[in-house]
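A.B. asks: One structure coming up, written as structure tokens, with questions to follow.
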Amino acid sequence: MTELTKRLRGTAAAEAPLVEDVFDDTYREKDGPKPPMQIVWRNVILMTLLHFGALYGLYLLPSTSVLTLAWSILCFLISALGVTAGAHRLWSHRSYKASLPLRIFLAIANSMAFQNDIYEWARDHRVHHKYSETDADPHNAVRGFFFAHIGWLLVRKHPDVIEKGQRLELSDLKQDQVVMFQRKHYKPSILLMCFIFPTVVPWYLWGESLWLAYFVPGLLRYALVLNATWLVNSAAHMWGNRPYDQHINPRENKFVAFSAIGEGFHNYHHTFPYDYATSEFGCRLNLTTCFIDMMCRLGLATDCKKVSREQVLARKQRTGDGSHRSG
Ligand code: ST9
Ligand code: ZN
Ligand code: ZN
Numbered sequence: 001m002t003e004l005t006k007r008l009r010g011t012a013a014a015e016a017p018l019v020e021d022v023f024d025d026t027y028r029e030k031d032g033p034k035p036p037m038q039i040v041w042r043n044v045i046l047m048t049l050l051h052f053g054a055l056y057g058l059y060l061l062p063s064t065s066v067l068t069l070a071w072s073i074l075c076f077l078i079s080a081l082g083v084t085a086g087a088h089r090l091w092s093h094r095s096y097k098a099s100l101p102l103r104i105f106l107a108i109a110n111s112m113a114f115q116n117d118i119y120e121w122a123r124d125h126r127v128h129h130k131y132s133e134t135d136a137d138p139h140n141a142v143r144g145f146f147f148a149h150i151g152w153l154l155v156r157k158h159p160d161v162i163e164k165g166q167r168l169e170l171s172d173l174k175q176d177q178v179v180m181f182q183r184k185h186y187k188p189s190i191l192l193m194c195f196i197f198p199t200v201v202p203w204y205l206w207g208e209s210l211w212l213a214y215f216v217p218g219l220l221r222y223a224l225v226l227n228a229t230w231l232v233n234s235a236a237h238m239w240g241n242r243p244y245d246q247h248i249n250p251r252e253n254k255f256v257a258f259s260a261i262g263e264g265f266h267n268y269h270h271t272f273p274y275d276y277a278t279s280e281f282g283c284r285l286n287l288t289t290c291f292i293d294m295m296c297r298l299g300l301a302t303d304c305k306k307v308s309r310e311q312v313l314a315r316k317q318r319t320g321d322g323s324h325r326s327g
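Numbering (the UniProt record's numbering), first residue to last: 1 to 327.
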């Protein structure tokens, strides 16, 4: 039985399951030469400037006050949750339900992460799962570490990404007013949340210099969140065990799980994309799962989807690489 059939069986008919994140093994890459790579120089320049700015932020780190350091970590965590609990687990995979206040918080946090608006992020991510490691995957890891990590943001997309993406079912995102509001006001929202807010708070509240606040909780924090996210596409598609499905590229990578607050259990995640915890190990190395659990306890999140232990075990035995024999 395919994952899709299992999911359809396991869900009440009234509530259509999200199936756009299930791998489509009928897709075939087109024969013949690949389209030429078109570099987008504006992005190359901006990403280079950002990373030089982040390096300068790193150089300033020893002169940062404890409060500013704590603020930088808080900004890292808020932006990260906007991606992991927001754009990823809620909006791309619908792995749980969030109340309006939580969705508003996650959308604001998401703007702080400045990784394209939620609609675009979730659309690209659904294509990534459905056409993983093919021409239709926006950050196809078969094209190498650099392409999967950052290169895909520096060149025009392969036409198949756009063609397949246009056929995706995205009505749930279009109907979500929080998602559409963030998309409509995206530019001012990132200016405010990703750059102005992290810079002004330490200056206003405890007299940090604007210069240092811009480079540390601003640029350095932004670049760290970006690279932690990109590691899921690069490192976690290349290095690590495959206990759940040895026939796919995504891996279990603890370093990535730590830096991406729980998103490095990527073999599990591609095998069971609808599981809200993206791992069978609950909160272990998985701050995002702790956060969602806490939101459930506060009544702000409900309907967390979870794969049963029996299902996980059966899948490990059927397709795993044997690396989790004790589990
Ligand atoms: C960033 C995103 O960093 C990171 C995402 C990472 C995902 C990770 C997933 C891993 C799992 C989760 C882990 C989370 C861990 C978090 C840890 C936190 C600590 N379908 O885009 P254009 C249409 S962003 C359908 O210009 P080009 C599009 O609508 C960083 N349609 O394509 C448009 O149509 P129209 C900051 C699609 O020209 C047209 O095509 N941002 C699709 O090829 C052209 O669209 C940047 O750096 C689709 N999939 O340009 C900017 N895609 O005109 C990056 C496109 O009608 N972006 N379309 O509206 C760009 O500059 C450009 O997109 C480009 C491609 C140059 C990359
Ligand atoms: Zn992936
Ligand atoms: Zn995913």
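The C-beta atom is built at its ideal place from N, Cα and C for all residues, glycine as well.
Assign N43 to buried or exposed, taking buried as 16 or more other Cβ atoms, counted over all protein chains shown, within 10 Å of its Cβ.
C.D. replies: Exposed: under 16 other Cβ atoms inside 10 Å.
A.B. asks: Mapping DSSP to helix, strand and coil, what is N267?
C.D. replies: Helix, per DSSP.
A.B. asks: If you follow the alpha helix (DSSP H) that P243 is in, where does it begin and where does it stop?
C.D. replies: Where P243 is concerned, there is no enclosing alpha helix (DSSP H), given that its DSSP letter is neither H nor E.
A.B. asks: Looking at ligand 2, does it come within less than 7 Å of S132, judged from the CB to the closest heavy atom?
C.D. replies: Correct: S132 has its Cβ closer than 7 Å to ligand 2.
A.B. asks: Per DSSP, which residues does A213 bridge with? Please list them.
C.D. replies: According to DSSP, which records beta bridges pairwise, A213 is partnered with nothing at all.
A.B. asks: So, with DSSP's three-state summary, where would you put T64?
C.D. replies: Coil at T64, not helix or strand.
A.B. asks: Buried or exposed for I73, going by 16 or more other Cβ atoms inside 10 Å?
C.D. replies: Exposed.
A.B. asks: Any heavy atom of ligand 2 inside 7 Å of the beta-carbon of N233?
C.D. replies: N233 Cβ: within cutoff of ligand 2.
A.B. asks: Are V232 and E263 close, meaning C-beta to C-beta below 8 Å?
C.D. replies: In this structure, E263 lies closer than 8 Å to V232 by Cβ.
A.B. asks: Is L102 near ligand 1, with its Cβ less than 7 Å from a heavy atom?
C.D. replies: False, no ligand heavy atom lies under 7 Å from that Cβ.
A.B. asks: What I want to know is whether the C-beta of H139 ends up closer than 7 Å to one or more non-hydrogen atoms of ligand 3.
C.D. replies: It does not: the Cβ of H139 is nowhere closer than 7 Å to a heavy atom of ligand 3.
A.B. asks: Roughly how many angstroms lie between the CA atoms of C283 and G165, to the nearest whole one?
C.D. replies: Roughly 32 Å between the two C-alpha positions.
A.B. asks: Taking Cβ to Cβ, would you say D21 is nearer than 8 Å to K130?
C.D. replies: Cβ distance < 8 Å, so D21 and K130 count as in contact.
A.B. asks: How big is the Cα-Cα spacing for G322 and D160?
C.D. replies: When rounded, the distance between both Cα atoms is 35 Å.
A.B. asks: With a cut-off of 6 Å, give the chain-ordered residues whose Cβ is closer than this to any heavy atom of ligand 3.
C.D. replies: Ordered along the chain, the selected set is H88, S92, H93, H125, H129, H269, P273.
A.B. asks: Where does I292 fall in DSSP's three states?
C.D. replies: In this structure, I292 counts as helix in the three-state DSSP scheme.
A.B. asks: I want to know whether the region 234-253 touches the region 307-319 - three or more CB-CB distances under 8 Å.
C.D. replies: They touch, by the three-pair rule.
A.B. asks: Here's the rule I'm using: 16 or more other beta-carbon atoms within 10 Å means buried, otherwise exposed. How should T5 be labelled?
C.D. replies: Low confidence applies to T5: its pLDDT is 36, below 50, so where it sits in the model is not reliable, and the reading given next is rough at best. By the neighbour-count rule (16 or more Cβ atoms within 10 Å), T5 is not buried but exposed.
A.B. asks: S111 to K184, Cα distance in whole Å?
C.D. replies: Approximately 12 Å between the Cα atoms of the pair.
A.B. asks: Spatial neighbours of L60 within its chain, please: C-beta separation below 7 Å, excluding the five flanking residues on both sides.
C.D. replies: The answer, listed in chain order, is L212, F215, V216.
A.B. asks: Note down the Cα distance separating I190 from R315, rounded to an integer number of angstroms.
C.D. replies: In a straight line, the C-alpha of I190 is about 41 Å away from that of R315.
A.B. asks: Would you call the region 27-42 in contact with the region 189-204, where contact means no fewer than 3 C-beta pairs closer than 8 Å?
C.D. replies: In short, these stretches do not touch, since the Cβ pair count stays below three.
A.B. asks: Name the DSSP beta bridge partners of residue 330, please?
C.D. replies: Since the first residue of the chain shown is 1 and the last is 327, residue 330 is not available in this structure.
A.B. asks: Write down the C-beta distance between E252 and F265 rounded to the nearest angstrom, noting that I regard them as a contact closer than 8 Å.
C.D. replies: Contact flag correct, Cβ pair sits at about 5 Å.
A.B. asks: How many whole angstroms separate the CB atoms of W91 and I118, which I take to be in contact at a CB cut-off of 8 Å?
C.D. replies: About 5 Å separates the two Cβ atoms, so the contact holds.
A.B. asks: By Cβ distance, which residues of its chain are closer than 6 Å to A14, with the 5 residues on each side in sequence left out?
C.D. replies: Because the pLDDT at A14 is just 33, under 50, the model does not fix this residue reliably, and the point stays unresolved.
A.B. asks: Would you kindly work out how many angstroms separate the C-alpha atoms of Y96 and V178, rounded to a whole number?
C.D. replies: If I take the Cα positions, the gap works out to 16 Å.
A.B. asks: Is it right to say W206 is buried, meaning 16 or more other beta carbons lie within 10 angstroms of its own, or is it exposed?
C.D. replies: Burial call: exposed.
A.B. asks: Just to confirm my understanding: we take M1, look at its own chain, exclude 5 residues before and 5 after, and list those with CB closer than 6 Å. What are they?
C.D. replies: Reliability fails at M1, whose pLDDT of 37 lies under 50, so the model's placement of it is uncertain and no value is given.
A.B. asks: Answer yes or no: do T229 and Q115 have a C-beta to C-beta separation smaller than 8 Å?
C.D. replies: In this structure, Q115 lies closer than 8 Å to T229 by Cβ.
A.B. asks: Taking 8 Å as the threshold (C-beta atoms), are L210 and L58 in contact?
C.D. replies: Taking 8 Å as the Cβ cut-off, L58 and L210 do not qualify as a contacting pair.
A.B. asks: Using only the heavy atoms of ligand 1, determine whether one of them is closer than 7 Å to the beta carbon of W121.
C.D. replies: Yes, since a heavy atom of ligand 1 falls inside the 7 Å radius drawn around the Cβ of W121.
A.B. asks: If R89 and I261 are in contact, beta carbons under 8 Å, what's the gap, nearest whole angstrom?
C.D. replies: 11 Å between Cβ atoms; not a contact.
A.B. asks: Take A301 and list the residues in its own chain whose beta-carbon comes closer than 8 Å to its own, dropping the five residues that flank it on each side.
C.D. replies: These residues qualify, in order along the chain: Y96, K97, A98, S99, L102, I292, M295.
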